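Going by this note's numbering, the first residue of the sequence shown is number 1, and it counts up by one from there.
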Amino acid sequence: MPKVLLVGPAGEQVGIVRVEDALRLANEANLDLVEVAPGANPPVARLMDYGKYKYEANLKAREARKNQANTVQKEIRMGLKIDKHDYETKRRNVEKFLAGGDKVKVIIRFRGREQSRPEMGVKLLGRMAEDVSEYGFVESHPRQDGRNMVMVFGPHKKKAQAMAEARKRRTDAEKADKRGDDTAPTTPDGTENDAVTGADSES
Numbered sequence: 001m002p003k004v005l006l007v008g009p010a011g012e013q014v015g016i017v018r019v020e021d022a023l024r025l026a027n028e029a030n031l032d033l034v035e036v037a038p039g040a041n042p043p044v045a046r047l048m049d050y051g052k053y054k055y056e057a058n059l060k061a062r063e064a065r066k067n068q069a070n071t072v073q074k075e076i077r078m079g080l081k082i083d084k085h086d087y088e089t090k091r092r093n094v095e096k097f098l099a100g101g102d103k104v105k106v107i108i109r110f111r112g113r114e115q116s117r118p119e120m121g122v123k124l125l126g127r128m129a130e131d132v133s134e135y136g137f138v139e140s141h142p143r144q145d146g147r148n149m150v151m152v153f154g155p156h157k158k159k160a161q162a163m164a165e166a167r168k169r170r171t172d173a174e175k176a177d178k179r180g181d182d183t184a185p186t187t188p189d190g191t192e193n194d195a196v197t198g199a200d201s202e203s
């Protein structure tokens, strides 16, 4: 009689049982018996609500496709001998893109003899990774690409979340501006106060 390694609905291992017994357990629990690893010895089967499983799997796949479609990969290029001011500008741009939910590819250009010092590129990219760690993580470590060295950063926030937060900030700012416009300074008697600037008028 064929046997399977049976896994319960919560992921717990039931043990090796006959297929006939596994089907009986599925029947009693009003669940489906699904073969999840047919190539294993013995094959692995799991008790589950197959309809619910398929529905949740489709939802996850759609969400993954949505996030992938919304995520843009930006590029930041810099030289190995970048000065402090330019580096800070590049760093702020990387942070801005990551905060917006986008990936960032940082490319270091090697010129002439600089190509013999790849460790300097690794050091510079490592510095960037530390500086932007609040906004993103290293998705792809430094790798040589011809005359360039490349590192890719991924955002901590998903694109959809970053966009939602940006919309909320804009809405809050608009509400604050509106409240400011609606509130005019008044004198104690309740009339609007016209501020007088400049020197006092001569009497």
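Yeah, the Cβ is synthetic: ideal placement off N, Cα and C, and Gly gets one too.
Bear in mind that the values here come from a model prediction, so they are computed numbers and not experimental data.
Nearest neighbour of residue i, chosen from the options [CA to CA]
{"i": "glutamate 88", "options": "Arg127, Phe153, Lys3, Lys105", "result": "Arg127"}
{"i": "valine 19", "options": "Leu33, Asp83, Gly101", "result": "Leu33"}
{"i": "methionine 48", "options": "Lys105, Val7, Lys90", "result": "Val7"}
{"i": "arginine 111", "options": "Phe153, Met78, Asn30, Val17", "result": "Met78"}
{"i": "aspartate 131", "options": "Lys157, Lys178, Arg91, Lys60", "result": "Arg91"}
{"i": "alanine 101", "options": "Lys66, Val122, Val150, Ile107", "result": "One point to set straight first is that residue 101 is glycine, not alanine, in the sequence displayed. Ranking Lys66, Val122, Val150, Ile107 by Cα distance to glycine 101 puts Lys66 first."}
{"i": "valine 150", "options": "Lys175, Lys123, Arg170", "result": "Lys123"}
Identified DSSP bridge partners for residue i
{"i": "glycine 154", "result": "Phe137"}
{"i": "arginine 127", "result": "Bridge partners of arginine 127: none, in fact."}
{"i": "glycine 112", "result": "Glycine 112 is not bridged to any residue."}
Three-way DSSP call (helix, strand, coil) for residue i in this model
{"i": "glycine 101", "result": "coil"}
{"i": "glutamate 12", "result": "coil"}
{"i": "valine 72", "result": "coil"}
{"i": "proline 118", "result": "helix"}
{"i": "glycine 146", "result": "coil"}
{"i": "aspartate 32", "result": "strand"}
{"i": "valine 106", "result": "strand"}
{"i": "valine 4", "result": "strand"}
{"i": "arginine 18", "result": "strand"}
{"i": "alanine 37", "result": "strand"}
{"i": "valine 94", "result": "helix"}
{"i": "leucine 80", "result": "coil"}
Where residue i falls, given that 16 or more other Cβ within 10 Å makes a residue buried
{"i": "arginine 46", "result": "buried"}
{"i": "serine 203", "result": "With a pLDDT of 42 at serine 203, under the threshold of 50, the modelled position of this residue cannot be trusted; read the value that follows with caution. With fewer than 16 other Cβ atoms within 10 Å, it is exposed."}
{"i": "leucine 59", "result": "exposed"}
{"i": "valine 72", "result": "exposed"}
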